[in-house]
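Below is one structure; the comments refer to it alone.
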Amino acid sequence: MPKDHGIGASHKRREDVRFLTGAGNYTDDINVHGQAYVHFLRSDMAHGKINSIDTSEAEGMPGVVRIFTGADFEGVGGLPCGWQVTDKNGDPMKEPAHPVLAQGKVRHVGDPIAAVVADSLEQARTAAEAIVVDIEELPAVVDMAKALEAGATKVHDDLDDNLCYDWQFGTDTETTDAAFKNAAHVTTLELVNNRLVANPMEPRVAVGDYSRANDEHTLYTTSQNPHVIRLLMGAFVLGIPEHKLRVVAPDVGGGFGTKIFHYAEEAFCTFAAKACNRPVKWTSTRSEAFMSDAHGRDHVTKIELALDADNNFVGVRTDTLANMGAYLSTFSSSVPTWLHGTLMAGNYKTPAVQVNVKAVFTNTVPVDAYRGAGRPEATFQLERVIDKAARELGVDPIALRRQNFITQFPYATPVAVEYDTGDYEATMAKMEELMDIPGFAARRAESEKNGKLRGLGVNCFIEACGIAPSNLVGQLGARAGLYDAATVRVNATGSISVMVGAHSHGQGHETVFPQVVAEMLGIDESMVDIVHGDTSKIPFGMGTYGSRSLAVCGSAMVRATEKIINKAKKIAGHLLEASDSDIELKDGQFTVAGTDKSVAWGDVTLAAYVPHNYPLEDIEPGLEETAFYDPANFTYPAGAYACEVEVDPDTGKVTIEKFVSADDFGNVVNPMIVEGQVHGGIAQGIGQALLENCAYDENGQLLSASYMDYAMPRADDIPHMSNYVVDHSCQTPCTHNPLGVKGCGEAGAIGSPPTVVNAVIDALHSGGHTHVNHIDMPVSPSRVWAAINGQ
Amino acid sequence: MYSFDIQRPTSVADAVSALGAEEAQALGGGQTLIPTLKQRLASPSVLVSLGAIAEIKGVCTGDDGALCIGGGTTHATVAKEASAYPALAALAGNIGDPAVRNRGTIGGSLANNDPSACYPAAALASGATIVTNSRSIAADDYFQGMFATALEEGEIITEVRFPVPEKAAYMKFEQPASRFALVGVFVAKYADGVRVAVTGASEDGVFRWTDAEAALSSNFSADAVPAAPSGDGMISDLHGSGAYRAHLVAVMTKRAVAAAS
Ligand SMILES: Cc1cc2nc3c(=O)[nH]c(=O)nc-3n(C[C@H](O)[C@H](O)[C@H](O)COP(=O)(O)OP(=O)(O)OC[C@H]3O[C@@H](n4cnc5c(N)ncnc54)[C@H](O)[C@@H]3O)c2cc1C
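If you want it as structure tokens, here you go:
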């Protein structure tokens with residue numbers, strides 16, 4: 042019987058009632074009395090030297106409050122990067138200035154040049170058209186390889202070149218080279234991990250407010266992590282101490298990583314609210330989102346896999362160019378390094394793994410974490426090259442993977458992480474069962490009857506989630522701790538508010554977190570509410586990304602609840618005239634063990650706040666506890682995915698006929714929500730694999746700047762639910778957090794792209810197109826057709 | 100959006116005179132024009148909405164048996180009511196999404212003549228007549244290249260007359276992002292021959308593939324469709340090269356012939 046309450050119950054999401062009935066409170070719903078609106082004048086050139094900006098005419102236009110340019114932000118800090126990567130020579134990465142408004146140069150289409158604050162948005166736009174900017178166009182660097190050529194135009198004149206860092210990681214060169222030299226077979230693959238735009242349904246919004254009365258700033262913003270924004274913007278950009286700066290991220294309509302980062306518009310609105318003595322609001326248009334939200338992925342990689350004569354993996358070596366864009370976004374530097382290199386062992390016991398990454402500045406929008414962040418890039422290369430190796434060697438791709446699986450845990454990889462637990466065989470077997478692999482041949486024959494080519498693709502993946510142990514990431518260059526925090530406030534009548542550092546922007550925390558607390562206390566879930574997204578209400582937590590909410594913040598919440606239980610037992614012991622060590626808590630009742638003497642949860646909570654009969658000499662009144670939790674290790678969700686595609690050889694169109702995921706997320710609190718997360722993640726992965734393509738031309742013009750050209754996955758791109766099976770029944774609980782949970786938010790987006798591409802290649806080979814070893818994503822109809830026809 | 104005045108005349112005559120004003124522009128369903136205004140890419144001083152003109156709405160059959168569609172008729176209405184011409188109804192029912200179909204009009208689509216739009220292929224393949232407030236224009240004379248038509252300033256499409264073919268089908272291969280036609284082919288078989296019109300492919304906008312027309316007029320079968328036309332002059336962009344589009348022209352023509360009913 043599935044549970045109907047507490048941990049394990051598939052409750053519908055309580056927050057959906059307000060979202061689906063239009064009662065949500067998104068940042069754009071927030072209007073502060075007297076607010077003005079800002080319109081950013083953005084560069085339409087990819088690269089140029091600003092000779093002059095003349096705002097004089099615009100300043101006199103109707104409704105204009107004030108016009109700002111880069112000059113207004115001299116003396117103000119630039120947008121900081123939160124992760125210092127050290128290159129292979131021991132030198133720190135290059136960290137060019139990232140001004141709030143462009144200073145001296147514009148470096149990508151969309152770079153803000155000036156900001157017009159006016160009584161209305163239309164007035165601001167009209168005035169912006171009257172600003173006269175003289176920009177001398179410079180050649181743009183777009184292609185990463187060209188950007189690294191000697192004599193290439195420099196994105197940042199104060200740097201020697203366009204190289205941010207040259208990073209090497211994992212097994213030393215000598216050992217790696219030896220592994221390749223002694224190998225019986227080496228498979229090499231060059232591939233691109235396509236640049237993506239995150240496209241949350243809600244575009245970014247910022248509202249800055251300033252109170253002269255007490256010198257307090259408030260920023261309402263679409264953020265996944267309000268405390269991170271408060272820290273970065275307060276300490277590094279505007280110099281506002283924490284107690285004078287409140288950051289509120291209310292209902293947020295999807296993030297997918299791109300709302301982690303601290304953006305210029307947030308700093309601008311906060312700064313301008315004080316400068317204008319008026320609240321200032323900015324709402325991104327969708328067009329602005331395409332050219333100002335941090336993009337994702339954009340790696341160009343050569344990967345080599347060495348195998349011995351028995352098809353055991355003996356070495357992996359990668360060479361990656363990672364696009365940083367024009368500036369370093371908040372966590373950009375960590376994505377191609379620590380979030381990518383550490384996963385290059387995958388699910389396999391390869392003894393030598395070496396990762397080489399050059400990060401490159403180009404005249405494009407900054408690139409940063411996007412659902413999966415680094416881990417999809419790692420998985421894609423590895424699982425594509427394994428598939429290619431299987432084909433070259435004429436062995437079954439499932440058997441080749443299986444043979445090389447890590448089977449003993451804990452397992453220390455050559456790339457610095459230690460997997461605590463896992464069972465890759467179990468998820469593989471589950472996937473095979475759900476996919477009905479033996480039935481594939483018949484399904485292929487059926488497709489062929491209809492003139493279609495059918496392919497089967499499989500894939501395994503591992504990810505490092507529950508980000509992250511602070512001391513470890515500190516050694517790796519993180520400029521922040523990555524713990525989280527929760528305060529459990531029990532009210533007098535027994536209801537509970539839990540203030541959490543995690544932020545829910547689609548994940549369903551408001552439903553899931555109460556399931557845990559209610560289970561621990563044996564009370565009804567409706568008595569527990571979650572408070573998040575406001576630095577003035579919640580303890581200092583690091584927010585939500587990297588599939589960390591339940592594993593890290595949930596752990597803090599468990600610890601705080603444990604403290605509550607300990608204290609409540611003392612109170613109950615006093616009321617029951619027994620030793621607190623004899624008190625048991627079950628179903629919301631405190632009972633003296635072995636007796637029928639008990640008090641109810643509500644009696645104890647009331648006593649805590651009305652302490653008439655209370656052990657005041659031993660414990661304080663009240664019932665509120667906070668815990669900070671710093672994880673001992675990452676968590677390592679893993680899984681085996683498979684899909685079947687049909688390729689129309691006449692048009693090149695790929696359709697996904699069936700998709701199966703078998704994930705190991707450790708313990709699961711709300712199965713329905715987990716399944717929803719995986720469904721969504723796979724849909725995004727299918728988007729990357731088949732549709733999404735953020736493309737620039739050689740002059741740095743964004744070609745896919747709207748939904749007319751940027752293809753998002755839609756319902757009919759995803760297999761019907763009857764052929765879209767997400768399973769999480771294989772569970773090896775995490776060994777080091779109290780709930781034994783691993784995190785499920787990114788898995789789908791990590792595991793699905795190589796699954797799809799592997800299936801397409803399989804289909805093409807079945808049709809005799811054996812010259813096609815790879816097609817770069819998105820595997821669009823035109824690319825498939827071109828590959829088939831050798832074009 | 101820049102500010103503008105809006106007028107809602109209830110007759111064609113009033114609309115024509117309203118459009119005589121300086122920088123006046125007709126507003127159909129607004130599915131193309133409103134996004135353009137929002138991006139400040141157009142700045143009419145007066146928008147003359149055609150939405151209240153009953154005489155240019157609806158579907159009927161003319162004395163000569165042609166299907167007559169009012170210029171202000173929405174795609175949704177055509178999808179529902181053009182059952183006399185099933186291929187045309189199906190085309191209309193597959194434009195955009197329900198919101199677009201409930202607002203967008205055939206007149207707006209033909210006036211705009213987007214090189215990837217669907218209706219131009221139907222009008223050209225059917226040898227339709229585009230009727231305006233002042234004249235009748237044969238489809239062969241009407242389409243004059245990407246976004247270019249025979250319409251004069253202020254001229255309103257009041258009706259489109261489609262001779263109903265014996266058999267027809269429209270095959271649209273969707274551009275993955277916009278879902279407009281990457282290549283769309285409309286094949287219509289009449290007693291006196293076959294017409295084949297292609298949208299989405301050419302840099303010159305919708306065109307008739309005369310080689311295919313000749314071949315299909317003597318043998319209306321998918322096998323008769325000639326080899327793909329040359330890719331020269333075909334649109335080449337993020338979504339496909341000219342060669343790919345040319346290839347799709349042949350594939351979609353075959354499929355349209357096979358599907359024609
Ligand atoms: C999301 C989306 C998807 C779409 N998908 C498709 C698709 O798959 N296939 C497709 O073919 N189209 C598609 N369209 C375009 C759609 O069909 C539009 O409705 C059509 O192109 C314009 O018609 P409208 O009535 O909205 O015209 P408007 O936008 O109001 O006007 C367009 C132009 O036509 C002029 N005009 C309007 N009516 C008349 C008239 N009666 N006489 C003279 N001039 C007139 C206007 O002045 C303007 O210049 C899509 C649009 C959207 C927004």
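Here the protein sequences line up with chains U and V, keeping their order. The working numbering numbers the first residue of the first sequence as 42 and each following residue consecutively. The working numbering numbers the first residue of the second sequence as 100 and each following residue consecutively. Here a beta-carbon is modelled for each residue, glycine too, at the ideal position from N, C-alpha and C.
Which residue wins for smallest C-alpha separation from residue i, given the options the options?
{"i": "U:N711", "options": "U:F700, U:C785, U:L626 and U:L523", "result": "U:C785"}
{"i": "U:R442", "options": "U:T454, U:R425, U:F450 and U:V458", "result": "U:R425"}
{"i": "U:E170", "options": "V:Q138, V:P108, V:A198 and V:G157", "result": "V:Q138"}
{"i": "U:I791", "options": "U:N72, U:G356, U:R338 and U:E487", "result": "U:R338"}
{"i": "U:E739", "options": "U:V709, U:R253 and U:V150", "result": "U:V150"}
{"i": "U:N607", "options": "U:I624, U:V593 and U:M598", "result": "U:I624"}
{"i": "V:A361", "options": "V:L250, V:M245 and V:H338", "result": "Lying outside 100 to 360, the shown extent of chain V, residue 361 of chain V is not represented and no answer is given."}
{"i": "V:V305", "options": "V:V282, V:A178 and V:K353", "result": "V:V282"}
{"i": "U:D644", "options": "U:G614, U:V341 and U:N223", "result": "U:G614"}
Give the residues of chain U in contact with residue i, contact being defined as C-beta atoms less than 7 Å apart.
{"i": "V:A276", "result": "Y748, M749, D750, Y751 and A752"}
{"i": "V:V350", "result": "D691 and T692"}
{"i": "V:L347", "result": "T692"}
{"i": "V:F246", "result": "Neighbours of V:F246 on chain U: none; closest Cβ ~15 Å, over 7 Å."}
{"i": "V:F285", "result": "Here the premise fails: no neighbours, minimum Cβ distance about 17 Å."}
Please list the partners that residue i has in chain U, where partner means a Cβ-to-Cβ separation under 9 Å.
{"i": "V:A358", "result": "Near V:A358 there are no residues of chain U at all, since even the closest Cβ is about 14 Å away, more than 9 Å."}
{"i": "V:F272", "result": "T692, K694 and P822"}
How would you list, in chain order, the residues of chain V whose beta-carbon sits under 9 Å from the beta-carbon of residue i?
{"i": "U:S536", "result": "Correct list: empty, because the minimum Cβ distance to chain V is about 43 Å."}
{"i": "U:A827", "result": "G339, S340, A342 and Y343"}
{"i": "U:Q832", "result": "S340, A342 and Y343"}
{"i": "U:L162", "result": "Residues of chain V passing the Cβ test: none, with the nearest at roughly 10 Å."}
For residue i, does the three-state DSSP call read helix, strand or coil?
{"i": "U:W208", "result": "strand"}
{"i": "V:R344", "result": "helix"}
{"i": "U:Q630", "result": "strand"}
{"i": "V:T248", "result": "strand"}
{"i": "U:C594", "result": "helix"}
{"i": "V:K266", "result": "strand"}
{"i": "U:Y586", "result": "coil"}
{"i": "V:Q124", "result": "strand"}
{"i": "V:W308", "result": "coil"}
{"i": "V:M333", "result": "strand"}
{"i": "U:F312", "result": "helix"}
{"i": "U:D113", "result": "helix"}
{"i": "V:L118", "result": "coil"}
{"i": "U:Q772", "result": "coil"}
What does residue i reach in chain V if we use C-beta pairs closer than 8 Å?
{"i": "U:N734", "result": "L337"}
Determine the extent of the alpha helix (DSSP H) in which residue i is found, giving its start and end residues.
{"i": "V:E154", "result": "V:E154 -> no alpha helix (DSSP H), and no H or E assigned at all."}
{"i": "U:R166", "result": "L162 to E170"}
{"i": "U:F421", "result": "R416 to L434"}
{"i": "V:A181", "result": "Careful: V:A181 lies outside any alpha helix (DSSP H) and carries neither H nor E."}
{"i": "U:K493", "result": "Taken as a continuous stretch (DSSP letters only), U:K493 belongs to no alpha helix (DSSP H), as it is neither H nor E."}
Can you tell me where the beta strand (DSSP E) with residue i in it begins and where it stops?
{"i": "U:R485", "result": "Looking at the DSSP string, U:R485 is not in any beta strand (DSSP E); the run it does join, the alpha helix (DSSP H), is F481 to K490."}
{"i": "U:Q395", "result": "A393 to F402"}
{"i": "V:G361", "result": "Because chain V in this structure spans residues 100 to 360, residue 361 of chain V falls outside the shown range and cannot be described."}
{"i": "U:D525", "result": "D525 to V531"}
So residue i packs on residue j, CB below 8 Å; how close in whole Å?
{"i": "U:V782", "j": "U:G582", "result": "In fact, because the Cβ distance is near 17 Å, the residues do not count as touching under 8 Å."}
{"i": "U:S745", "j": "U:A736", "result": "5 Å"}
{"i": "U:V683", "j": "U:V701", "result": "Note on residue identity: the sequence assigns Ala, not Val, to residue 683 of chain U. That pair is a contact at about 5 Å."}
{"i": "U:I270", "j": "U:I172", "result": "That belief does not hold up - the Cβ atoms of U:I270 and U:I172 are roughly 29 Å apart, past 8 Å."}
{"i": "U:T528", "j": "U:T646", "result": "Actually they are not in contact, since the Cβ atoms of U:T528 and U:T646 sit about 16 Å apart, beyond 8 Å."}
{"i": "U:A649", "j": "U:L626", "result": "The pair is not a contact, with the Cβ atoms about 15 Å apart (cut-off 8 Å)."}
Using a Cβ cut-off of 7 Å, pull out every chain V residue sitting near residue i, in sequence order please.
{"i": "U:L744", "result": "L337"}
Residues of the segment 329-344 of chain V in Cβ contact with chain B at a cutoff of 9 Å, in chain order, please.
This model lacks chain B altogether; the protein chains it does include are U and V.
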